[in-house]
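This report refers to the structure that appears directly beneath it.
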Amino acid sequence: MGKDNRIRILSGSASMQLLEKISRYLDVEPVDTYVGRFSDGEIRVQIRENIRGDNVYIIQSTNPPGDNIMELLLLIDAAKRASAKSIAAVIPYFGYARQDRKDAPRVPISAKVMANLLQTVGASRVLTVDLHADQIQGFFDIPVDNLYAIPVFKEYIQKKFPDINRDDFVVVSPDAGGTRRARLFARKLGDLPIALIDKRRPRPNVAEVMNVIGEVEGKVAIIVDDIIDTGNSVRSASIALKEKGATEIYVFITHGIFSGRAREILDDAPISEIVITDTIEGNEDRLPSKARKISIAGLMGEAIRRIHYSESLSVLFL
Ligand code: R5P
Numbered sequence: 166m167g168k169d170n171r172i173r174i175l176s177g178s179a180s181m182q183l184l185e186k187i188s189r190y191l192d193v194e195p196v197d198t199y200v201g202r203f204s205d206g207e208i209r210v211q212i213r214e215n216i217r218g219d220n221v222y223i224i225q226s227t228n229p230p231g232d233n234i235m236e237l238l239l240l241i242d243a244a245k246r247a248s249a250k251s252i253a254a255v256i257p258y259f260g261y262a263r264q265d266r267k268d269a270p271r272v273p274i275s276a277k278v279m280a281n282l283l284q285t286v287g288a289s290r291v292l293t294v295d296l297h298a299d300q301i302q303g304f305f306d307i308p309v310d311n312l313y314a315i316p317v318f319k320e321y322i323q324k325k326f327p328d329i330n331r332d333d334f335v336v337v338s339p340d341a342g343g344t345r346r347a348r349l350f351a352r353k354l355g356d357l358p359i360a361l362i363d364k365r366r367p368r369p370n371v372a373e374v375m376n377v378i379g380e381v382e383g384k385v386a387i388i389v390d391d392i393i394d395t396g397n398s399v400r401s402a403s404i405a406l407k408e409k410g411a412t413e414i415y416v417f418i419t420h421g422i423f424s425g426r427a428r429e430i431l432d433d434a435p436i437s438e439i440v441i442t443d444t445i446e447g448n449e450d451r452l453p454s455k456a457r458k459i460s461i462a463g464l465m466g467e468a469i470r471r472i473h474y475s476e477s478l479s480v481l482f483l
């Protein structure tokens, strides 16, 4: 008798809440998995159910990076040695993606190192959300599906602003790299106009606004981006937008890292609301007071279901 074609889903310790939510969406039980530590700090994992011949989905965000990356690699290796048929690394937040090119002498391309590690241990595909740069897909020789949080944000915005319109709203990218995302978001929200912040980074984690490109006066500004880390980019963007006459500022950012003094910095900024998703867990005590987390679990669950049954993912980008 052939094996049933169940979705076998498990996670490392960085994405346990998402595992629960995605399992509920898919109506499957997570695979019993142990993730712990030896007394010297080394990670010990064990998949405690038979997964021989199964398609396995391992969910693990890689923030904070160190141990979470290692857990993910060890879980993939465990699944490979347990004779899983395929292993999808489901990485809601893909860390090291911002180091995606050699932009200074003697620096690594860290995103490529991540890709090498995942493939070497045995991942057969990757599913992620708002990868910092789409072209990182090319660092892999296995399929990489990069979902956008835009449909989840769109639903939220349309409930909050049922009368959203071209005259009173503008979508803003806080840097030139995010222009494509802002344009796409603006189109989904009914062809809203866009504006760009001309940002300069004199050194890592420091953002300086040079110019606001586009018309924002008298409009509600909707800032959209992939990552909020120290909060500096969004804070300086919000101040520049206010100075140029934006009436209110709402922020929609997929991955909420909130490192360092992000909470204080953002509590002090002229922002009405910061909406993030739950790709990163354990950041609850670092969230600014105006932050609100909405779940990406339905979108990710649907992507897993479609991958599993070899259905198209295109509909998730509409
Ligand atoms: C950079 O290109 C990213 O898209 C984000 O804008 C950036 O990582 C945000 O970092 P921070 O919050 O530290 O300014």
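The sequence shown lines up with residues 166 to 483 when you count with the working numbering. Using N, Cα and C, we set each Cβ at its ideal position, and we do this for glycine too.
{"Query": "Out of R217, K409, R246, D332, point me to the one whose CA is closest to D169's CA.", "Result": "R217"}
{"Query": "Can you give me the Cβ contacts of G396 inside the same chain, cut-off strictly under 6 Å, excluding the 5 residues immediately before and after it?", "Result": "A427, I430, L431"}
{"Query": "When the Cβ atoms of the segment 220-234 are set against those of the segment 172-184, are three or more pairs found closer than 8 Å?", "Result": "yes"}
{"Query": "Quick one: using the 10 Å Cβ neighbour count with 16 as the cut-off for buried, is N330 buried or exposed?", "Result": "exposed"}
{"Query": "Run the CB neighbour count on A314, radius 10 Å, all protein chains shown included, and call it buried at 16 or more, exposed below.", "Result": "buried"}
{"Query": "Since V389 is in the beta strand (DSSP E), which residue starts that stretch and which ends it?", "Result": "385-393"}
{"Query": "When you measure from the CB of V337 to every non-hydrogen atom of the ligand R5P, does any distance come out below 8 Å?", "Result": "no"}
{"Query": "Any contact of the segment 393-409 with the segment 329-348, i.e. 3+ C-beta pairs under 8 Å?", "Result": "yes"}
{"Query": "Report the residue ranges of all beta strand (DSSP E) runs contained in full by the segment 231-258; include only those spanning at least 3 residues, in chain order.", "Result": "251-256"}
{"Query": "What does a CB cutoff of less than 7 Å around L406 pick up in its chain, not counting 5 residues either side in sequence?", "Result": "V337, V377, V381, A386, I414"}
{"Query": "What do you reckon, is the C-beta of G260 under 8 Å from a heavy atom of the ligand R5P?", "Result": "no"}
{"Query": "Out of curiosity, what's the CA-to-CA distance linking D265 and L296?", "Result": "11 Å"}
{"Query": "Tell me whether R114, by its Cβ, gets closer than 8 Å to a heavy atom of the ligand R5P.", "Result": "For the chain, the structure presents residues 166 to 483; residue 114 sits outside this window and is missing."}
{"Query": "Is the distance from the Cβ of I422 to the Cβ of I392 below 9 Å?", "Result": "yes"}
{"Query": "Would you mind sorting S454 into buried or exposed? The rule is 16 or more other CB atoms within 10 Å of its CB.", "Result": "exposed"}
{"Query": "Report the residue ranges of all beta strand (DSSP E) runs contained in full by the segment 303-381; include only those spanning at least 3 residues, in chain order.", "Result": "309-312, 334-338, 359-365, 373-378"}
{"Query": "By the 10 Å Cβ neighbour count, where 16 or more other Cβ atoms means buried, how is G343 classified, buried or exposed?", "Result": "buried"}
{"Query": "Does the segment 357-376 touch the segment 308-325, meaning 3 or more C-beta pairs lie closer than 8 Å?", "Result": "no"}
{"Query": "Return the chain-ordered ranges of every beta strand (DSSP E) run that is complete within the segment 419-477 and spans a minimum of 3 residues.", "Result": "438-442, 456-459"}
{"Query": "Please confirm whether any heavy atom of the ligand R5P lies closer than 8 Å to the CB of V416.", "Result": "no"}
{"Query": "Let me know the secondary structure DSSP gives E185 once reduced to three states.", "Result": "helix"}
{"Query": "How would you label Y474, buried or exposed, when you count the other beta carbons within 10 angstroms and need 16 or more for buried?", "Result": "exposed"}
{"Query": "Alpha carbons only, please: which of S204, R470, A262, E320 is nearest the one belonging to G303?", "Result": "A262"}
{"Query": "Go through its chain and collect everything with a Cβ distance to D394's Cβ below 6 Å, but skip five positions before and after it.", "Result": "I422, S424"}
{"Query": "May I ask which residues mark the beginning and end of the beta strand (DSSP E) holding V272?", "Result": "Neither: V272 is in no beta strand (DSSP E) and is coded neither H nor E."}
{"Query": "In three-state DSSP terms, what is Y190?", "Result": "helix"}
{"Query": "In this structure, how does DSSP classify L406 when only helix, strand and coil are distinguished?", "Result": "helix"}
{"Query": "What do you reckon, are the CB atoms on G466 and L191 nearer than 9 Å?", "Result": "yes"}
{"Query": "Note the first and the last residue of the continuous beta strand (DSSP E) segment covering Y222.", "Result": "220-224"}
{"Query": "Suppose the cutoff is 6 Å on Cβ atoms and the five residues either side in sequence are ignored; what does the same chain contact list for S251 look like?", "Result": "N220, S289"}
{"Query": "Using 8 Å as the cut-off, classify the Cβ of V389 as near or not near the heavy atoms of the ligand R5P, replying yes or no.", "Result": "no"}
{"Query": "When you compare each of S437, A298, I469, L483 to L292 by their alpha carbons, which one comes out closest?", "Result": "I469"}
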